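Down below is the structure, laid out as structure tokens.
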Amino acid sequence: MKIMVVDDSSTMRRIIKNTLGRLGYKDLLEAEDGVQAWELMQEHKDEIGVLITDWNMPNMNGLELVKKVRGDGSFEDIPIIMVTTEGGKGEVITALKAGVNNYIVKPFTPQVLKEKLEAVLGVND
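The following block contains the structure:
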């Protein structure tokens with residue numbers, strides 16, 4: 007199972023990838039915006055198990071990406087975690103209504119990412 011990490015900040019992508027690596031997730035794809043992420047998702051349709059995306063990005067933001075993913079039948083069940091600085095209640099509700107399964111506000115600890123990932127994957131249920 008591949009995990010797609012989408013963030014326009016290469017530093018944030020590296021932090022997330024390093025954390026995932028320490029959790030044992032080595033098969034990772036990365037993109038710097040929603041457009042690039044969508045292209046990669048088309049190439050790896052049957053392999054991506056989780057999408058972790060930022061909200062604020064150029065070209066296609068995270069919310070637009072989530073709506074596009076949820077609108078495509080082949081990805082309707084993929085767990086999506088939004089990782090963003092947008093921590094207001096309104097933003098969280100908007101993201102959840104768009105189809106996000108879980109929400110992480112930056113900055114976050116590796117433990118938070120681990121817990122949210124395990125929650126969407128149904129680990130330790």
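Residues in the sequence shown are numbered consecutively from 7, following the numbering used here.
Beta carbons: idealized from backbone N, C-alpha and C, even for Gly.
Owing to the predicted nature of the structure, the values given are computational and were not obtained by experimental measurement.
Note on geometry: alpha-carbon atoms of Ile86 and Asp52 lie some 15 Å from one another. C-alpha of Lys32 to C-alpha of Gly93: approximately 28 Å in a straight line. Fully contained in the stretch 26–81 are the following beta strand (DSSP E) runs of length 3 or more, in chain order: 34–37 and 54–59. Put simply, of Thr100, Gly128, Gly30 and Met7 the residue whose alpha carbon is nearest the alpha carbon of Gly68 is Thr100.
The Cβ neighbour count for Asp13, taken over all protein chains shown within 10 Å, is at least 16; the residue is labelled buried.
The beta carbon of Val98 sits closer than 6 Å to the beta carbons of Tyr109 from its chain, once the five residues preceding and following it are set aside; these are given in chain order. With three or more CB-CB distances shorter than 8 Å, the stretch 35–47 counts as touching the stretch 70–78. Leu127 has its alpha-carbon roughly 11 Å from the corresponding atom of Lys120. Separation of Pro116 and Met18 (C-alpha to C-alpha, rounded to the nearest whole angstrom) is 12 Å. Leaving aside the five residues that flank Glu82 on each side, the residues in its chain whose CB is nearer than 7 Å to its CB run, in chain order, Arg76.
A distance below 8 Å separates the beta carbons of Ile54 and Met10.
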